[in-house]
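Undergrad:
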Amino acid sequence: MKFTNHLFISYAHIDNEQTEENDPGWVDRFHRSLKAFLSSSIGEEAVIWRDLKLEGGDVFGEEIVSQFPKTALLVSILSPRYLNSEWCLKEIEEFCKAAEIHGGLVIGNKLRVHRVMLMPLTADLSEKLPGTLKQELGYPFYKEKEGGRFQRLDPRFGDEFKAAFNLKVASMADELAEIIKKLKEEENPIPESVPAKPGGPPKPVIYLAECSWDRGDDREKIRSELRATGYTVLPDQGTRLPEMEVEYVAEVGGLLDRCQLSIHVVGANGGMVLNGPGREDSVQLQNEIAARKSEERGLSRLIWLPTVSSGQPEQQSFIDALRSKKELQRGGDLIEDNLEGFKNILRITLKKLEELSSKKAEAGEPGGHTIYLLCVAADRPATIPLRRFLKGQGLEVQLPVFEGDAATVRQAHQELLATCDAVLIFYGAGDEAWKRTTETDLQKIKSSRPGKPLLNIFTYLAAPMTGHKQDCIDMGEENLIMGLETFSEAAMQPLVEAMKDA
């Protein structure tokens, strides 16, 4: 589907009121800035349109609806007035209908509908959002201030607000440009006969942990610089992490499994308190999960501490613990410096990670490749010797996500299948039905990995012996690794050699 419009801005006209004569309103400024930054990001003049004449009481017109099939993305500017307007909500509804028919509402794992928030939404207003937007974190165009108050990012409030406003728009433009480029790729797919050009070692994927409100601007500046220099930063800016503790742990763990570096920006204030029996602080919990990942597979970490003391006793206790307890520092470098000092250390860290990956590639080592170790939860302890061996060979090992709701677990499974370089099926406690389902998933996923085929699929046979496992042996199943009695490094060599040759 070819789109003539890059983006439609949906807004309530009251949110674009002028404060002075001949002074542009907030939406006017947003439109102008977004067009400039988006044009730069996509390499051509961005075509952004919005309704300039209809008032809130006018009848919703076919003129707007007719443009939706030709429009790549919709950005809604959410405010109390917007969510109380049947007309505004209808714009989202009609765009979603058109998007489903023309190109699909989701591209990769990204929605084509995005929300700009002029202030936090109360629970009753959030309920008015269409289902597609309820799980989107969106782009907050406000600053949280001490005491729980919020201030809109409006360039009319002075240079500090103008800079924060432009930084937020630029970051948003980069995110939107990625989706537009993916849509264009689907319009003009690369023929399968054209081989992909080999590139250098991939840049590390980075997990930028959620932080407290007082470090939000610093986190945004770090994120913008990383993305501007070509790094993938997780979580995606439009992604809302779960608020339930169990689901949060599963989601963060899955994201960290895809990363080579995690960054933790610790503030003088605490983070979001999660719903669950532990009433865990999100900033502290992310650090704990990342520390475990560092122990399990060598995840590198940078922990940026505040230069001021916290007025919250619990938060100050956490900061003191970070300085003194090795288990909270595991895999991490503690940094107490200003923003520029931290960014310099970050650049050095990234350079070292890339140099390490490059050296492994030049030496013909299997480093840089990721193996998805498929197993059932009951087999997790039994895979430890195998995981330690593979890690010692310079291979990245990722396990399935075992916790969370069915949709979250399934999505993580599909993402790992789509991005890994090889699959090792650990056939131990899983039954024959599980093994067959796994093989079916592998067959399906091959067709959805353009330019990134599976390097190899191996099966590791572990205790207990069953009739189906004996049948696998008798039939000479391809790439079978015997581990029914004990773990053997020698038995793993075919997999290691296959990764070296990849």
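Going by the working numbering, the residue at position 414 of the sequence shown is 405; the numbering climbs one at a time, nothing skipped.
Glycine residues also receive a C-beta, built at the ideal position from the N, C-alpha and C atoms.
None of these values were measured; they are calculated from a predicted model.
Taking just the CA atoms, how far does Leu112 sit from Gln434?
TA: Along the sequence shown, read from residue 1 onward, the residue named residue 434 stands at position 443. Along the sequence shown, read from residue 1 onward, the residue named residue 112 stands at position 121. Distance between the alpha carbons of Gln434 and Leu112 is about 43 Å.
Undergrad: What residues match up with Val264 in a beta bridge as DSSP calls it?
TA: As a position in the sequence shown, residue 264 is number 273, starting the count at 1. Asp272, per the DSSP bridge assignment.
Undergrad: Quick one: Cα of Gly524 to Cα of Val392, how far?
TA: Given that the chain is displayed from residue -8 to residue 493, the structure contains no residue 524 and the question cannot be resolved.
Undergrad: Classify Val264: buried if its beta carbon has 16 or more other beta carbons within 10 angstroms, exposed otherwise.
TA: By one-based count along the sequence shown, residue 264 stands at place 273. Classification for Val264: exposed.
Undergrad: Return the CA-CA distance between Pro71 and Leu(-2), expressed in angstroms with no decimal places.
TA: Counted from its first residue, the sequence shown places residue 71 at position 80. Counted from its first residue, the sequence shown places residue -2 at position 7. Their Cα atoms are separated by approximately 23 Å.
Undergrad: Once you ignore the five residues that flank Gln275 on each side, which residues in its own chain have a CB closer than 6 Å to its CB?
TA: Reading the sequence shown from its first residue, position 284 is the one you call residue 275. Phe309.
Undergrad: Going by C-alpha distance, which of Leu43, Phe156 and Pro121 is nearest Lys134?
TA: Position 143 of the sequence shown, counting from 1, holds the residue named residue 134. The candidate whose alpha carbon is nearest that of Lys134 is Phe156.
Undergrad: Grouping DSSP H, G and I as helix and E and B as strand, with all else coil, what is Ser301?
TA: On the sequence shown, position 310 is the one that residue 301 refers to. Of the three classes helix, strand and coil, the one that applies to Ser301 here is coil, per DSSP.
Undergrad: Near Ile5, which residues of its chain fall below 6 Å by C-beta distance, leaving aside the five closest residues on each side in sequence?
TA: The residue labelled residue 5 in the question sits at position 14 within the sequence shown. Counting only Cβ-Cβ distances below 6 Å, and skipping sequence neighbours, we find Arg72.
Undergrad: Evaluate Gln9 with the Cβ neighbour count: other Cβ atoms within 10 Å of its Cβ, from every protein chain shown; 16 or more gives buried, anything less gives exposed.
TA: As a first step, residue 9 must be located in the sequence shown, where it is residue number 18. Result: exposed.
Undergrad: Helix, strand or coil for Ser76, going by three-state DSSP, please let me know.
TA: Reading the sequence shown from its first residue, position 85 is the one you call residue 76. Three-state DSSP puts Ser76 in coil, outside helix and strand.
Undergrad: Kindly indicate which residue of Arg314, Glu53, His22 and Leu415 has the alpha-carbon position closest to the one of Glu327.
TA: Here residue 327 corresponds to residue number 336 of the sequence shown, with the count starting at 1. The shortest Cα separation from Glu327 among Arg314, Glu53, His22 and Leu415 belongs to Arg314.
Undergrad: Do Gly245 and Ile280 count as a contact pair if the criterion is CB distance below 7 Å?
TA: Here residue 280 refers to the residue found at position 289 of the sequence shown. Here residue 245 refers to the residue found at position 254 of the sequence shown. No, the Cβ-Cβ distance between Ile280 and Gly245 is not below 7 Å.
Undergrad: Under 8 Å, with one C-beta from each stretch per pair, do the stretch 25 to 32 and the stretch 156 to 172 reach the 3-pair mark?
TA: Yes, since at least three Cβ pairs between the stretch 25 to 32 and the stretch 156 to 172 fall closer than 8 Å, the two stretches touch.
Undergrad: Given this structure, state the Cα-to-Cα distance separating Leu120 from Asp324, to the nearest angstrom.
TA: Walking along the sequence shown from the start, residue 120 turns up at place 129. Walking along the sequence shown from the start, residue 324 turns up at place 333. Rounded to the nearest angstrom, the two C-alpha atoms are 41 Å apart.
Undergrad: Relative to the C-alpha of Ala413, which residue among Lys426, Phe449, Arg401 and Lys101 is closest?
TA: Taking the sequence shown and counting its residues from 1, the one referred to as residue 413 is at position 422. Measuring from the Cα of Ala413, the nearest candidate turns out to be Phe449.
Undergrad: Is the CB of Tyr239 under 7 Å away from at least one CB in chain B?
TA: Annotation note: the requested chain B is absent from the structure, which comprises a single protein chain.
Undergrad: How about Val388 and Leu408: are their beta carbons less than 7 Å apart?
TA: Walking along the sequence shown from the start, residue 388 turns up at place 397. Walking along the sequence shown from the start, residue 408 turns up at place 417. No; because the gap between Cβ atoms is not below 7 Å, this pair is not in contact.
Undergrad: Does the stretch 419 to 431 come close enough to the stretch 333 to 340 to have 3 or more Cβ pairs within less than 8 Å?
TA: Contact between the stretch 419 to 431 and the stretch 333 to 340 is absent, because fewer than three Cβ pairs lie under 8 Å.
Undergrad: Leu144 to Leu69, Cα distance in whole Å?
TA: Along the sequence shown, read from residue 1 onward, the residue named residue 144 stands at position 153. Along the sequence shown, read from residue 1 onward, the residue named residue 69 stands at position 78. Roughly 14 Å between the two C-alpha positions.
Undergrad: Report yes if the C-beta distance between Arg103 and Ala89 is below 7 Å; otherwise report no.
TA: Stepping through the sequence shown from its first residue, residue 103 is reached at position 112. Stepping through the sequence shown from its first residue, residue 89 is reached at position 98. In this structure, Ala89 does not lie closer than 7 Å to Arg103 by Cβ.
Undergrad: So, for Gly332: in the same chain, excluding its five sequence neighbours on each side, which residues have a beta-carbon less than 8 Å away from its beta-carbon?
TA: In the sequence shown, the residue the question calls residue 332 occupies position 341. Cβ neighbours of Gly332 beyond the five flanking positions: Ile326.
Undergrad: DSSP puts Phe449 in a beta bridge; with which residues?
TA: Position 458 of the sequence shown holds residue 449. Per DSSP, Leu415.
Undergrad: Please classify Gly(-3): does DSSP put it in a helix, a strand, or coil?
TA: Residue mapping note: residue -3 aligns to position 6 of the sequence shown, counting from 1. Residue identity check: residue -3 is His in the sequence provided, not Gly. Strand, per DSSP.
Undergrad: Using only alpha-carbon positions, find the residue among Leu247, Gly261 and Gly302 that is nearest to Arg283.
TA: As a first step, residue 283 is located in the sequence shown; it is residue number 292 there, counting from the start. Checking every option, the nearest Cα to that of Arg283 belongs to Leu247.
Undergrad: For Ala398, count neighbouring Cβ atoms within 10 angstroms of its own Cβ and tell me buried if that reaches 16, exposed if not.
TA: Taking the sequence shown and counting its residues from 1, the one referred to as residue 398 is at position 407. Under this definition Ala398 is an exposed residue.
Undergrad: Rounded to the nearest angstrom, what separates Pro485 and Ala453 at their Cα positions?
TA: Here residue 485 refers to the residue found at position 494 when the sequence shown is read from its first residue. Here residue 453 refers to the residue found at position 462 when the sequence shown is read from its first residue. Between Pro485 and Ala453, the C-alpha separation is close to 17 Å.
Undergrad: What residue from Ser479, Val299 and Ala424 has the CA that sits closest to Gly458's CA?
TA: Here residue 458 is taken as the residue at index 467 of the sequence shown, counted from 1. It is Ala424 whose Cα lies nearest to the Cα of Gly458.
Undergrad: Exposed or buried, what is Glu211 when buried is set at 16 or more other beta-carbons lying within 10 Å of its beta-carbon?
TA: Here residue 211 is taken as the residue at index 220 of the sequence shown, counted from 1. Classification of Glu211: buried, given that the 10 Å Cβ count is 16 or more.
Undergrad: What does DSSP give as the partner residue(s) for Ile197 in the beta ladder?
TA: As a working note, residue 197 is residue 206 in the sequence shown. Beta-bridge pairing links Ile197 to Val224 and Leu252.
Undergrad: Return yes when the Cβ of Asn266 is within less than 7 Å of the Cβ of Glu305, no when it is not.
TA: Residue mapping note: residue 305 aligns to position 314 of the sequence shown, counting from 1. Residue mapping note: residue 266 aligns to position 275 of the sequence shown, counting from 1. Contact: no.
Undergrad: Give me the Cα-Cα distance between Leu231 and Gly262, rounded to the nearest whole angstrom.
TA: Indexing the sequence shown from 1 puts residue 231 at position 240. Indexing the sequence shown from 1 puts residue 262 at position 271. Strictly speaking, residue 231 in this sequence is Arg, with Leu absent from that position. Spanning the two alpha carbons is a distance of roughly 15 Å.
Undergrad: Rounded to whole angstroms, how far is the Cβ of Ile294 from the Cβ of Val257, which I believe are closer than 8 Å?
TA: Stepping through the sequence shown from its first residue, residue 294 is reached at position 303. Stepping through the sequence shown from its first residue, residue 257 is reached at position 266. That belief holds up - the Cβ atoms of Ile294 and Val257 are roughly 7 Å apart, short of 8 Å.
Undergrad: What does the alpha-carbon distance come out to for the pair Ala259 and Glu12?
TA: Translated into positions along the sequence shown, residue 259 becomes position 268. Translated into positions along the sequence shown, residue 12 becomes position 21. In a straight line, the C-alpha of Ala259 is about 41 Å away from that of Glu12.
Undergrad: For Glu406, name the three-state secondary structure that DSSP assigns.
TA: The count along the sequence shown starts at 1 and reaches residue 406 at position 415. In the structure shown, Glu406 sits in a helix (DSSP, three-state: H, G or I).
Undergrad: State yes or no: is the C-beta of His255 within less than 7 Å of the C-beta of Ala200?
TA: Residue mapping note: residue 255 aligns to position 264 of the sequence shown, counting from 1. Residue mapping note: residue 200 aligns to position 209 of the sequence shown, counting from 1. Yes, Cβ-Cβ distance for His255 and Ala200 is below 7 Å.
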